[in-house]
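Counting from 1, one number per residue, gives the positions in the sequence shown under UniProt numbering.
To start, the structure under review is shown below, and the notes come after it.
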Amino acid sequence: MTSLTECNCLQGDEPEHWRYVLCSIRQEISREEAALKELRTVESGQRKRSRLTDWITRKWKRRTGAPSTHVTTWSKEDVANWLTSLGLSQYASQFKANDIRGHELIHLERADMKDLGVLKIGHAKRLQSAIAELREKDMELRRESRRSGRKGASLSVERAPVETAPELPSLSSI
Numbered sequence: 001m002t003s004l005t006e007c008n009c010l011q012g013d014e015p016e017h018w019r020y021v022l023c024s025i026r027q028e029i030s031r032e033e034a035a036l037k038e039l040r041t042v043e044s045g046q047r048k049r050s051r052l053t054d055w056i057t058r059k060w061k062r063r064t065g066a067p068s069t070h071v072t073t074w075s076k077e078d079v080a081n082w083l084t085s086l087g088l089s090q091y092a093s094q095f096k097a098n099d100i101r102g103h104e105l106i107h108l109e110r111a112d113m114k115d116l117g118v119l120k121i122g123h124a125k126r127l128q129s130a131i132a133e134l135r136e137k138d139m140e141l142r143r144e145s146r147r148s149g150r151k152g153a154s155l156s157v158e159r160a161p162v163e164t165a166p167e168l169p170s171l172s173s174i
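Structure representation (structure tokens):
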């Protein structure tokens, strides 16, 4: 409860001061409303973000969420962290329980995903797309390591020629 002297003191203040006070109160209220709105959307599981923001976030997380360079060396924990980075953390425990490591991950097919409990089509598509990116990245890393291996080999003086098997034709060329 305010005292009489406080009330008298407040009456002598300038209108500018009160405008400032009211403005700061309005700003604080709007911040609180925004925080409450955000809390409600997080609690209900809904996220209100633009498609561009979602896409950028996914791309950034895929690049930074990868535990190591070679997917085939990932552990169960690495796979679980990767799933979390994709926003699919609800499947992490099922992947762990089924001992899905990096090598198994890049060979997963749609039927395997159903067996692992990935029943939502959107989640399956997101997972398939991300796995395809991992396969592509793994192939690039293998090519780079072969190239760097060849460069190092060309520097050695006493290297015997290596015989390579002839390349088989692809299915598309038949």
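The beta carbon of each residue, even a glycine, is placed where N, CA and C say it ideally should be.
Margin query: Going by beta-carbon coordinates alone, are L108 and L86 separated by less than 9 Å?
Written below: no
Notebook entry, point to check: Expressed to the nearest angstrom, what Euclidean distance is found between the alpha-carbon atoms of S30 and H70?
Noted result: 47 Å
Next item on the list: Give me the Cα-Cα distance between residue 176 and E38, rounded to the nearest whole angstrom.
Entry: This structure leaves residue 176 out entirely; the chain is present only between 1 and 174.
Item checked: Residue range of the alpha helix (DSSP H) that includes D78 -> K76 to S85
Next item on the list: For E16, count neighbouring Cβ atoms within 10 angstroms of its own Cβ and tell me buried if that reaches 16, exposed if not.
Entry: Around the beta carbon of E16, fewer than 16 other beta carbons lie within 10 angstroms, which makes this residue exposed.
Check: Given 8 Å as the limit, is there contact between the segment 128 to 144 and the segment 92 to 106, that is, 3 or more CB pairs closer than that?
Finding: yes
Notebook entry, point to check: Below 9 Å between beta carbons: does that hold for residue 228 and W74?
Noted result: Any answer about residue 228 is impossible in this case: the structure gives the chain only from 1 up to 174.
Check: For M113 versus A130, is the C-beta distance shorter than 9 Å?
Finding: Not in contact: M113 and A130 (Cβ atoms no closer than 9 Å).
Notebook entry, point to check: Counting contacts by CB-CB distance shorter than 9 Å, is A35 in contact with chain D?
Noted result: In summary, chain D is missing from the structure at hand, where a single protein chain is found.
Note to self: I believe A92 touches T84 by the beta-carbon criterion, under 8 Å. Please report the beta-carbon distance rounded to the nearest angstrom.
What the structure shows: 6 Å
Margin query: Quick check: what's the CA-CA separation for E33 versus E14?
Written below: 29 Å
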